[in-house]
């Protein structure tokens, strides 16, 4: 990236910039309302009121009562606690999931296999990775008494595909099987009303929609038992021990408040048009590219693009040096670049060439993105791709990709 070059951030599924309102609220808390919210004195009770208000903001965003909201340190903790608690409670040998889950789900299930001897069945999916509900229905019909729980993400972090959560949840509810959903990429971006959705537990993180890192929510339907994984202190109605980080919780609450306003105004519809325009322009600029899972219903925030004959790593290095931030998959591995497990799971894409490199790059943006930035991104992506294929003279390449190898 050259001096004075404007960065274009297309990695919002990894994290988003906190809103000014969020940062202002957190600074106020750290300077003025820093007492322990469990203390009975006035300073502590002022902090408690801030936590309660944040809980209300969260509840209003997701359509639930405040008593069902449990604050955590993020999506990963929420997922781990939810799945482990369900396994302890149900004590049954089988868990159903999908092949395209986030690593927080996959690795927790792998641990349950090792420690509890649980069997995992991955539900069948179509070419885009969308679960086929009839497969779930057939397993429930044959093995309902064996199923501990079902966990399927609401929307995918790499391709943006949207799972049939209502249909999955209805099948589970009719059979009396608990259903958990990783809603990390859905909450704060699309409408949600948990009182009208047949789901029993969801997990999500604030930093995916302009809240602070280190803030998350575990939502548990009323009456569902939950065994705390972090013990000591009895906070969060004895469901998650440890002194609450009031500043993070308040920041999360403000992010939820602002997201609820944006969703009520249907801002997501405008962003969907922006995504479609971006994809059309990119495919016009690079005709051999393809949009992975294009035929599936997808989040407005996510475009996973396949580039034949180039490696994803080289594309990302070239884009980074040219001022475009993107990723090849989940960004929860301390900067490690790994191939997309989701693309591997859904299989061959239309523009793949046999025995040739194929790079999948995820471009994801937040609700502050504008068409001008995406137009500039298309130009840059096209130039990087041309350079990697030897179509652009080296003198026209802004910085050397080779130097980064």
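In our numbering, the protein residues as written are 12 to 416. Just so it is clear, CB atoms sit at the ideal spot from N, CA and C, and this is done for glycine as well.
- Taking the CA atoms as reference points, residue 245 sits about 9 Å from residue 239.
- In the three-state scheme derived from DSSP, where H, G and I count as helix and E and B as strand, residue 126 is classed as helix.
- In this structure the stretch 157-167 touches the stretch 176-190; the number of beta carbon pairs closer than 8 Å is three or more.
- Within the same chain, 109, 110, 111, 167, 170, 172, 304, 307, 353, 356 and 357 come within 8 Å of residue 140 by CB-CB distance, once the 5 residues on both sides are set aside.
- For residue 91, the enclosing alpha helix (DSSP H) covers residues 86-101.
- Counted as a single uninterrupted DSSP element, the beta strand (DSSP E) harbouring residue 230 occupies residues 227-231.
- DSSP, reduced to helix, strand and coil, places residue 355 within a helical segment of the structure shown.
- In this structure, residue 26 lies away from residue 229, with their beta-carbon atoms at least 7 Å apart.
- Assignment of residue 274 by DSSP, reduced to helix, strand and coil, places it in the helix class.
- With respect to residue 194, residue 165 sits close: the two C-beta atoms are nearer than 7 Å.
- Each of 72, 61 and 212 was checked against the Cα of residue 86, and the nearest Cα belongs to 212.
- One alpha carbon belongs to residue 382, the other to residue 286, and they sit about 9 Å apart.
- 7 Å or more divides the Cβ of residue 39 from the Cβ of residue 48.
- The C-alpha of residue 289 lies about 18 Å from the C-alpha of residue 370.
- In the three-state reduction of the DSSP assignment, residue 53 falls in the helix class, which pools H, G and I.
- Non-local beta-carbon contacts of residue 393 in its own chain, meaning distances under 6 Å to residues more than five positions away in sequence, involve 296 and 297 in chain order.
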